[in-house]
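Heads up: the structure comes next, in C-alpha cells.
There are 2 protein chains.
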Amino acid sequence: MRPYDERLDQLLSRAAKVFADQGYHSTTMRDLAAVTGMSLAGMYYYVRGKEELLHRIQERCFTRVLAGAERALEGVGRGHGDPVERLQAFIRHHVTFFAAHMAEMKVLSHEANSLTGERQRKVNAIKRRYVDLLEGLLRDVAPDETAVERSAAAYALFGMMNWIYNWYDPAGEIDPERLAGLIARVFIGGFVDARSPSPVHGG
Amino acid sequence: MRPYDERLDQLLSRAAKVFADQGYHSTTMRDLAAVTGMSLAGMYYYVRGKEELLHRIQERCFTRVLAGAERALEGVGRGHGDPVERLQAFIRHHVTFFAAHMAEMKVLSHEANSLTGERQRKVNAIKRRYVDLLEGLLRDVAPDETAVERSAAAYALFGMMNWIYNWYDPAGEIDPERLAGLIARVFIGGFVDARSPSPVHGG
DNA sequence: GCATAGTTCGAACGATCGTTCGAAATTGTA
DNA sequence: TACAATTTCGAACGATCGTTCGAACTATGC
C-alpha cells in the first residue's frame with residue numbers, strides 16, 4: 050500500500066498549490082486532473098470529492114503546525130522557560146513554517162470558511178487549540194493585561210503572520226528568519242516591552 | 050439622489066454584505082436577486098455582470114478609504130506634523146473605517162484576487178497609492194531603516210489591520226477606537242520606539 | 001388619447017461544474 | 001499460465017451557473 054499513500058500525498062500537495070494560486074472555488078476538478086496527470090475520474094479513487102480534498106489539505110497542514118509549535122516550545126523550557134523566549138519561539142516557528150509551506154498555509158488561511166458542516170467543525174477544533182496555545186503564552190508574558198485585550202493582541206499577531214501570503218516572497222530579499230525576527234521584534238517590543246501607560250490618543 | 054442611483058447603491062451595498070458572508074465565488078446572481086428584491090434579469094439593468102458588481106464594490110470602497118486617510122492626515126499637519134502622530138492618525142482611520150464598513154472592507158481584503166484583467170489592474174492601482182502612502186509615513190518615522198524592512202513592516206501593519214475581518218466584532222467588548230489604539234500601540238511601540246527611544250508622546 | 005423613454009422580469013440558452021459508473025488496464029499471487 | 005484485487009479512465013449524467021432576449025409594465029409630456 051506504499052504507492053497508494055505516495056500518490057495520495059502527491060495529489061494533496063499539487064492540489065494545495067492550485068488552490069493557493071487560483072482559489073478553492075474557482076479551481077475545477079479538471080484543473081487538478083491536468084496538474085496531477087491523473088484522469089478526472091481517477092482522483093475519486095483517492096478522495097470522496099472536492100471538499101474532502103480541501104479538508105485533508107487543511108487538516109494535514111494544521112496538525113503539522115500545531116505539533117511543530119509544541120515541539121518548538123519544548124526546546125525553550127516546557128512551562129518554566131523565559132516567557133518572552135517561548136513567545137519568540139512560537140512566532141519564529143509559525144513564520145518559518147509558513148514560508149516553507151506557503152501553498153498549504155495560504156489555503157489554511159484564505160480558505161478558512163470554504164469548508165462546511167462537520168469538516169469545518171473539525172478544522173476549527175484544531176484552530177481553537179492553536180489559538181489557545183498562543184493566548185497561554187501571552188498570559189505568561191503580560192499577566193496584567195485583560196483577557197479581552199490579550200485575545201485581541203493574539204489575533205493582531207496572527208494577522209501579521211498570516212497576512213504574509215498576500216505579499217511575501219520566500220525567495221526574495223528577506224529570508225524567513227529575518228521576517229520572523231522583524232515580526233517578533235515588533236510584537237514583543239510593542240505589546241510586551243513597551244508598557245507605556247499612556248493611551249494612544251487623548252483620552 | 051435620483052432613484053436610479055439609489056437603487057444601484059442599494060444593490061452594491063447588499064451585494065457586498067452577501068459577498069462578505071458567503072464569499073464572491075459561491076454567491077450566485079440568484080442569491081443577490083433574492084436579497085435585493087429584484088429579479089434575476091433586473092440586476093443586469095444596473096450592472097454588466099457579476100464581476101462588475103465586485104469591481105464597483107471594491108473601487109467605491111477603496112476610493113473612500115484612500116480619500117479618508119488623506120483627509121485624516123491633513124488634520125495632523127500635511128508634511129510638517131509629528132510623524133508619529135500622522136502614523137497614528139493613519140492607523141486609527143484605517144481601523145475605524147474597517148470596523149464601520151466591515152462588509153465592504155472584507156470584500157476588499159478577502160477578494161483581492163477575484164477580479165481579472167483590467168478590473169484587477171484598476172483596483173491594484175488604488176492599492177499601490179494606498180501602500181505608498183503608508184510607506185511614506187514609515188519613512189518619516191524610521192528614516193534609518195532600510196526600504197526593504199520598512200516595506201515588510203508596512204505589510205505587517207496591514208496584516209494586523211486587515212485580518213480583523215476574521216475575528217473582530219464591532220459590537221463586542223472592544224470598541225473600534227480601542228482596537229485602533231491597541232494596534233497603533235503595538236506597531237509604534239515595536240517598530241518605532243523600540244529602535245529610536247524618544248520622549249513619551251500622547252501623555 | 002398617443003408616443004417615448006426608463007425600468008422590470010419570465011423564460012430560456014449554452015456552458016461548465018462535480019460526480020458517477022461500468023469497463024479496461026495494471027499489478028500481485030499462485 | 002489463470003485468477004483476483006487494485007488502480008485507472010472515457011463517457012456521460014443531472015444540476016447549476018451567468019447571461020440574454022423580447023415583451024410587459026410604469027412614468028412623463030403632449
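Respectively, the protein sequence lines represent chains A and B.
First residue of the first sequence: 50, per our numbering; consecutive thereafter.
First residue of the second sequence: 50, per our numbering; consecutive thereafter.
C-beta: ideal position from N, C-alpha, C; glycine also.
Nearest to cysteine 110/B by C-alpha distance, out of Gly221/B, Asn162/B, Met151/B, is Met151/B. Nearest neighbour of arginine 127/B by Cα position, chosen from Leu186/B, Thr76/B, Glu100/B, Ile213/B, turns out to be Leu186/B. Below 8 angstroms, too few C-beta pairs join the region 182-200 of chain A and the region 183-201 of chain B to call them touching: fewer than three. Contacts between glycine 238/A and chain B, judged by CB atoms closer than 7 angstroms, involve Gly238, Gly239, Ala243 in chain order. Contact between glutamate 100/B and arginine 199/B is ruled out by a C-beta separation of about 34 angstroms, above the 8 angstroms threshold. Within the region 208-228 of chain B, those residues whose Cβ lies closer than 9 angstroms to any Cβ of chain A are, in chain order, Gly208, Met209, Met210, Asn211, Trp212, Ile213, Asn215, Trp216, Tyr217, Gly221, Glu222, Ile223, Glu226, Arg227, Leu228. For the region 118-136 of chain B, the set of positions with a beta-carbon nearer than 7 angstroms to some beta-carbon of chain A is empty. Between the alpha carbons of arginine 51/A and valine 235/A lies a distance of about 46 angstroms. Our two residues, glycine 130/A and valine 144/A, have alpha carbons roughly 21 angstroms apart in a direct line. Residues of the same chain with a CB within less than 8 angstroms of the CB of leucine 164/B, apart from the 5 flanking positions on each side, are Glu100, Leu103, His104, Gln107, Val172 in chain order.
Remark: C-beta atoms of isoleucine 223/B and valine 197/A approach each other more closely than 8 angstroms. For alanine 229/B, the closest of Phe207/B, Pro192/B, Asp54/B, Lys176/B by C-alpha to C-alpha distance is Phe207/B. Tyrosine 93/A is positioned such that its CB atom lies no closer than 8 angstroms to that of leucine 57/A. Interface annotation, glycine 230/A: not in contact with chain B, CB-CB separation never under 8 angstroms.
Interface flag for histidine 74/B against chain A is set, since a Cβ pair is found closer than 8 angstroms.
Taking valine 84/B as the centre and dropping the five residues before and after it, the same chain places the C-beta of Arg63, Val67 closer than 6 angstroms to its C-beta, in chain order. For the pair valine 156/A and alanine 69/A, the CB atoms are nearer than the 8 angstroms cut-off. Closest by C-alpha distance to histidine 159/A, out of Leu122/B, Trp212/B, Pro192/B, Arg170/B, is Trp212/B.
Counting other Cβ atoms within 10 Å of its Cβ, arginine 135/A reaches 16 or more and is therefore classed as buried. Between glutamate 198/A and chain B, the shortest Cβ-Cβ separation is below 8 angstroms.
Distance check between tyrosine 73/A and each of Asp218/A, Arg141/A, Asn162/A, Ala201/A places Asn162/A closest, using alpha-carbon atoms only. In the three-state reduction of the DSSP assignment, leucine 186/A falls in the helix class, which pools H, G and I.
As summarised for the region 67-104 of chain A, the continuous alpha helix (DSSP H) elements at least 4 residues long and confined to that stretch are 78-85, given in chain order.
Annotation: leucine 89/B to threonine 76/B spans about 13 angstroms, alpha carbon to alpha carbon. Interface with chain A (8 angstroms Cβ-Cβ cutoff): tyrosine 204/B is included. Taking the beta carbon of arginine 234/A as reference, the chain B residues within 7 angstroms of it are Gly239, Ala243, listed in sequence order.
Counting only runs of at least 4 residues, the region 147-195 of chain A fully encloses the following alpha helix (DSSP H) elements, listed from N- to C-terminal order: 151-159, 166-190. For glutamate 226/A, the enclosing alpha helix (DSSP H) has its first and last residue at 225-236.
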